[in-house]
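Heads up, the sequence shown is in full-length UniProt numbering, so the first residue is 1 and it goes up one at a time.
Note that beta-carbon positions come from the ideal geometry of N, C-alpha and C, so glycine has one too.
Before any comments, here is the structure.
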Amino acid sequence: MLSACTSDEGLSGVLGFGDGADSEIAQNDLQQTIPYEVEIAGIDPQEENLIAALDGVSTARRLQSRPTASRAGLQRRAEDDVERFQAVLRSKGFYDGQITFEINEKAATDTSDSAPVQDAPDAGSEQDPADGQSGDDALASTSEQPTPLVLTYNIDVGTPYLISAVNLVITYPDRVVERHATDKELEKTRLEIGQRATAEPIILGEQYGVDILREQGYPLVEAGKRTVLADTAQKTITINYAFETGPQADFGKITVNGAEDVDADFIAGYRSWRSGEQYHPDQVRTTRRDLAQTNLFDSVIVKVAGPVNDNGEIPVEIEVVERKMRSIGGGVNFSTADGPGANAFWEHRNLFGAGERLRLGIDVSSLEQGLSAEFKKPQFLERRQSFVAEANAKNNDTDAYKGSTLDSFAGIERPLWENWTTTFGVTAEYSDLTGSDSPNEEFYLAGLRGILRHDNTDNPLDPSRGNRFEINVSPYMGLTDKDTGFTTVSVVGSQYLSIDDEGDYVLAARARTGTIIGEDRGNLPSNKRYYSGGGGSIRGYEYQKVGPLDDDDDPLGGRSVLEVGAEFRARVTESFGIVPFIEGGNVYARSEPEDIRLLWAAGLGFRYYTAVGPLRFDVAVPLDKRDNVDDDFQFYISLGQAF
């Protein structure tokens with residue numbers, strides 16, 4: 001069997017107490033120790049992992065800060081290392097490795113660089129048990145400084161052994177099959193014929209083999225004895241894996257444990273397999289993932305609970321630990337243009353016992369005051385399909401329009417593919433707004449809403465990898481004698497690229513475009529037009545001020561919009577970061593832009609990272625400042641990244 005040495009052997013000392021204990025300690029205090037250095041020679045410097053592994057198991061390295069009192073003690077440490085080094089060499093594929101060592105006095109010209117002579121450690125400290133002193137080896141006088149030593153390991157690794165064959169011995173309930181692993185099986189086990197025979201991939205290959213058989217419907221498969229045979233003449237090894245499959249099985253009865261407030265049948269309904277379907281571990285993993293994403297549980301375990309019954313079915317157990325179902329929260333924000341703002345919410349994630357989520361919110365700022373309600377019922381009619389509804393009531397007081405709006409939506413939300421979801425439903429809206437070109441007008445609208453989303457980012461508030469994409473198509477029609485009909489189309493996307501593995505340096509970019517088809521701008525409700533500018537779009541310009549303006553420099557809105565932006569997010573310390581950014585955009589009166597001239601802004605942001613997300617402070621200046629319209633700068637404070 002091929003194995004790797006993964007831990008140091010423990011070293012322990014025996015401290016005796018009796019009539020002579022005090023005199024023995026006193027004698028040790030008078031002894032001196034011999035400092036030494038350790039060198040490993042003969043290994044290709046490119047074998048960094050091998051060198052690191054040897055250093056990691058070396059007793060001489062580990063106890064170098066506690067040197068021995070004699071050359072013999074150091075020799076015993078070296079002899080102990082030889083056996084450890086042999087195990088490491090075999091684990092890295094070097095079965096013919098030869099290890100010798102030599103101990104020499106350090107050259108006199110180098111003694112000035114050596115470590116200072118250390119007194120022997122106290123009797124109660126960790127010591128090498130082989131370092132007892134006797135005869136001529138002991139240093140009896142503290143008046144002489146011992147010459148430092150150099151312990152050199154000379155290692156000839158030899159020719160690395162390669163994998164020549166991978167054989168399988170599979171014991172089924174009714175037969176035993178002995179054969180070579182197929183190319184597809186080798187690919188799944190991450191092994192290749194001809195690769196170096198290192199221990200880690202060989203050990204992992206066994207677990208991958210178990211997974212392959214589980215995917216064939218054998219939930220109780222176990223690995224048998226693994227053997228590795230070396231051919232010293234050819235410098236190759238043959239790996240023999242053995243497996244006992246147990247019976248093939250279909251998914252059987254589901255038992256739910258740990259459910260208190262959440263309905264057990266609702267939990268069982270998250271199973272991703274059909275009744276009587278053959279067992280497959282991917283289905284188990286999918287069910288566990290979907291349950292974990294409900295935000296109802298602190299932990300979820302989905303596992304088979306054998307044995308296989310007479311019907312060829314294996315029971316499944318779902319164990320959950322419920323979390324608290326209610327939460328409240330809120331936040332504050334501030335900008336020079338918008339002034340202060342605050343929001344708060346109350347949420348119940350298990351309203352009727354089957355994961356129904358109700359969220360009530362309030363938002364207050366100098367520009368907008370509103371109430372909102374959101375409801376979501378999962379597992380609606382079909383697995384992984386949800387019923388969603390929302391309603392909003394707002395009072396608006398912006399430069400673009402003033403007045404009240406009510407809107408509601410009800411529809412279906414369901415995933416399409418991995419990281420893709422869609423929402424489709426009906427909407428009804430009421431607005432009573434006064435704008436610069438739409439004085440005292442009321443609109444009653446009904447419409448449809450279709451949204452396609454993609455999101456594979458790693459963090460909702462502070463993404464460092466992945467991308468987001470959303471397309472929204474919403475046709476509206478008037479419900480009064482006003483013959484109003486129009487369709488809005490918008491596309492929003494963002495991309496996040498981490499420069500380093502830790503995600504401390506991130507390039508982030510975003511874009512937004514939209515168009516309104518079917519009505520002239522003057523016939524559109526003011527709140528359905530496109531606007532740009534402010535903390536959520538183009539920092540550096542006032543809220544809604546990018547685009548067409550009237551004679552009083554108030555926003556008119558438009559029928560099309562274009563925005564782009566980019567940031568470089570640099571996390572300088574664990575809790576502090578800086579973010580230079582640039583953004584540009586414009587709003588156009590027609591449904592297609594007359595030109596693509598953009599108003600640009602640039603700025604610098606600061607981030608303070610908290611447990612719930614980064615606290616954002618941004619300062620931005622308009623690069624295309626308009627006289628008597630734009631301020632010299634704007635700054636923004638809020639929680640979470642800008643996009």
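- For the options Y444, F387, D504, R383, the alpha carbon positioned closest to that of T405 is the one of Y444.
- About 7 Å separates the Cβ atoms of Q32 and A69, confirming a contact at the 8 Å cut-off.
- Checking the DSSP bridge columns, you'll see K377 partnered with F387.
- Beta-bridge annotation (DSSP): H280 is not paired with any residue.
- With respect to the 9 Å criterion, Y543 and T398 are classified as neighbours on the basis of their beta carbons.
- For F266, the enclosing alpha helix (DSSP H) stretches over residues 264 to 268.
- With contacts defined as CB atoms closer than 9 Å, A354 and K377 qualify as a contacting pair.
- Judged by DSSP in its simplified three-state form, G522 adopts helix.
- In the structure shown, N167 falls within a strand segment according to DSSP collapsed to helix, strand and coil.
- When C-beta atoms of the region 618 to 631 are compared with those of the region 297 to 313, fewer than three pairs fall below 8 Å, so the two segments do not count as touching.
- The beta-carbon separation of S438 and G514, rounded to 19 Å, does not stay under the 8 Å limit for a contact.
- Across the structure, G558 and K184 are spaced so that their CA atoms are roughly 58 Å apart.
- DSSP places K303 within a strand segment (E or B) once states are collapsed to three.
- Counting C-beta atoms within 10 angstroms of its own C-beta, Q216 has fewer than 16 neighbours from the protein chains shown and is therefore classed as exposed.
- With respect to the 9 Å criterion, G535 and S638 are classified as neighbours on the basis of their beta carbons.
- As a beta-bridge residue in DSSP terms, A242 pairs with V169.
- Within the region 392 to 425, the runs of beta strand (DSSP E) at least 3 residues long that lie entirely inside it are, in chain order, 401 to 415.
- Spanning the alpha carbons of T294 and F266 requires a straight line of approximately 12 Å.
- DSSP lists E563, L599 as the bridge partner or partners of G585.
- Residue state for Q207 is assigned as helix, using DSSP reduced to three classes.
- When the beta-carbon positions are compared, L213 and T255 stay at least 9 Å from each other.
- Pairing E592 with S560 gives a Cβ-Cβ distance under 9 Å.
- For E347, same chain residues with a beta-carbon under 6 Å away, outside a window of 5 residues either side, are S327, R359 in chain order.
- For S91, the enclosing alpha helix (DSSP H) stretches over residues 71 to 91.
- The alpha carbon of N467 has as its nearest neighbour, out of G329, T487, G493, the alpha carbon of G493.
- Judged by pairs of C-beta atoms under 8 Å, the region 476 to 486 touches the region 445 to 453, as three or more such pairs exist.
- In the structure shown, the three-state DSSP call for I43 is coil.
- Look at K253 here: in three-state DSSP terms it is strand.
- Of the residues F387, K225, G194, Q207, the one whose Cα lies closest to the Cα of Q234 is G194.
- For L358, the enclosing beta strand (DSSP E) covers residues 357 to 365.
- By the neighbour-count criterion, in which 16 or more other beta carbons inside 10 Å mark a residue as buried, E429 falls on the buried side.
- Between E102 and T159, the gap from beta carbon to beta carbon reaches 9 Å or more.
- In this chain, the beta strand (DSSP E) harbouring A511 covers 505 to 517.
- The beta carbons of Y161 and I237 sit closer together than 9 Å.
- DSSP places D55 in no beta strand (DSSP E) but in the uninterrupted alpha helix (DSSP H) bounded by 48 to 57.
- According to the DSSP secondary-structure assignment, A620 is paired through a beta bridge with G603, Q634.
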